[in-house]
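Just so we're aligned, residue 1 is where the sequence shown starts under this note's numbering, counting upward by one. Cβ coordinates follow ideal geometry from the N, Cα and C atoms, glycine included.
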Amino acid sequence: MQIIAQTANSVIYAVENDSNTKLAKDSHFVLKGGTVWYKRKQALGPGKDIDESDGIIKKEATIYKTLGNHDRILKCFGSEVDVLNGQDSLPKAWALRLERSPLGSLRNTIIGTYNNPPSQLIRLQLAHQFSGGVAHLHHMEIIWGDLSTRNAFLFDNCDWYGCEDRYCPPDSDNPQLHDVGTMNRELFALASAICEIIESKLPYGSDTEVLGGDVAKQLVNGKWPDLSDDNPARAVIKKLWGYSYKSSNQVVQDLQNLLVSCE
Numbered sequence: 001m002q003i004i005a006q007t008a009n010s011v012i013y014a015v016e017n018d019s020n021t022k023l024a025k026d027s028h029f030v031l032k033g034g035t036v037w038y039k040r041k042q043a044l045g046p047g048k049d050i051d052e053s054d055g056i057i058k059k060e061a062t063i064y065k066t067l068g069n070h071d072r073i074l075k076c077f078g079s080e081v082d083v084l085n086g087q088d089s090l091p092k093a094w095a096l097r098l099e100r101s102p103l104g105s106l107r108n109t110i111i112g113t114y115n116n117p118p119s120q121l122i123r124l125q126l127a128h129q130f131s132g133g134v135a136h137l138h139h140m141e142i143i144w145g146d147l148s149t150r151n152a153f154l155f156d157n158c159d160w161y162g163c164e165d166r167y168c169p170p171d172s173d174n175p176q177l178h179d180v181g182t183m184n185r186e187l188f189a190l191a192s193a194i195c196e197i198i199e200s201k202l203p204y205g206s207d208t209e210v211l212g213g214d215v216a217k218q219l220v221n222g223k224w225p226d227l228s229d230d231n232p233a234r235a236v237i238k239k240l241w242g243y244s245y246k247s248s249n250q251v252v253q254d255l256q257n258l259l260v261s262c263e
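Right, here's the structure in full:
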């Protein structure tokens with residue numbers, strides 16, 4: 001078994017059963033659930049209540065089904081359902097099965113290549129691809145709600161619910177309560193993600209994560225993320241930050257036009 005990521009709400013892990021080599025690290029799939037279930041047992045001790053997990057997993061599976069197959073969306077292979085040891089006799093959804101990104105998250109790649117980032121054209125292509133995924137979500141009337149490069153993943157061809165504080169507008173004592181409407185929050189966060197991708201550094205940071213408290217202080221003080229004069233998407237980013245776009249599709253089109261002019 002291999003634990004890949006863990007938050008307060010979920011664990012993402014791989015198991016050897018899904019690998020031809022019988023090694024979890026070689027699995028092409030990951031499992032996402034409220035805790036780690038292995039052979040119908042909780043492998044790492046009690047985690048999120050199974051009834052709560054059952055509801056969340058089924059809801060996420062429905063969202064992925066609604067999104068359908070798309071080049072910029074992780075493939076979902078449905079939920080894992082079974083009668084679990086120590087629970088009642090009713091089958092429960094205990095994990096979501098997703099395709100595994102061989103190159104990890106876009107955020108980790110940005111941090112890892114800070115001293116030697118990819119070319120500006122490649123970064124612009126990544127921003128365009130990232131925006132395409134967001135546009136598909138919005139087209140299907142789904143709000144990401146945690147829009148961040150932390151939750152975007154890279155594949156061999158460099159393809160790739162609120163948002164984290166560093167993606168929020170400045171001049172607010174409580175960034176997460178900045179009342180501009182759900183879609184405007186999502187589009188503002190998209191601007192910050194595009195900024196991070198093309199600047200190849202974290203908003204309010206550099207080559208490493210900045211503590212949330214430090215980010216919050218800069219937001220309260222009205223500081224904006226650094227934006228280089230030679231950033232080819234500077235106008236798009238500032239227009240997004242100014243709530244001048246009506247949809248993410250408009251952003252994708254403008255980035256597409258930029259790509260054509262830069263190639």
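Are the CB atoms of residue i and residue j nearer to each other than 7 Å?
i, j, result
"G34", "A61", "no"
"L23", "V36", "no"
"L126", "I197", "yes"
"R40", "D88", "no"
Roughly how many whole angstroms lie between the Cα atoms of residue i and residue j?
i, j, result
"H138", "Y64", "13 Å"
"L240", "E16", "44 Å"
"Y245", "D254", "11 Å"
"A14", "P102", "13 Å"
"F153", "K32", "15 Å"
"Q2", "K25", "6 Å"
"N249", "H136", "8 Å"
"S148", "D229", "23 Å"
"Y161", "E141", "Confidence at Y161 is low in this model, with a pLDDT of 41, below 50, so its placement is unreliable and the value that follows should be read with caution. Their Cα atoms are separated by approximately 13 Å."
Let me check understanding here. Comparing Cα to Cα, which of the options lies closest to residue i?
i, options, result
"T66", "I143, A235, G222", "I143"
"L258", "A233, H136, Q2, Y243", "A233"
"V260", "A5, E80, N69, I122", "I122"
"P91", "H28, V236, D54, K223", "D54"
"N116", "K201, L187, R185, S228", "K201"
Compute the minimum distance between the beta carbon of residue i and the heavy atoms of the ligand HEM, and state whether it is under 6 Å.
i, result
"P203", "With respect to small molecules bound, the structure shown includes none, and the ligand HEM cannot be examined in it."
Below 7 Å CB to CB, which residues in the same chain sit around residue i once its five sequence neighbours on both sides are set aside?
i, result
"G132", "R72, V252"
What would DSSP say about residue i, mapped onto helix, strand or coil?
i, result
"L74", "coil"
"S105", "strand"
"I4", "strand"
"F153", "strand"
"Y161", "Confidence at Y161 is low in this model, with a pLDDT of 41, below 50, so the placement of that residue should be treated as unreliable; the coordinate-derived value is given next. Note: Y161 maps to coil in three-state DSSP."
If you drop the 5 nearest sequence neighbours on each side, which residues of the same chain put their C-beta closer than 8 Å to that of residue i?
i, result
"G104", "F153, L154"
"F29", "A14, D18, F77, R97, L98, E99, R100"
"K223", "P170, Y204"
Skipping 5 residues on each side, what residues in its chain have a beta carbon closer than 6 Å to that of residue i?
i, result
"N184", "Y243"
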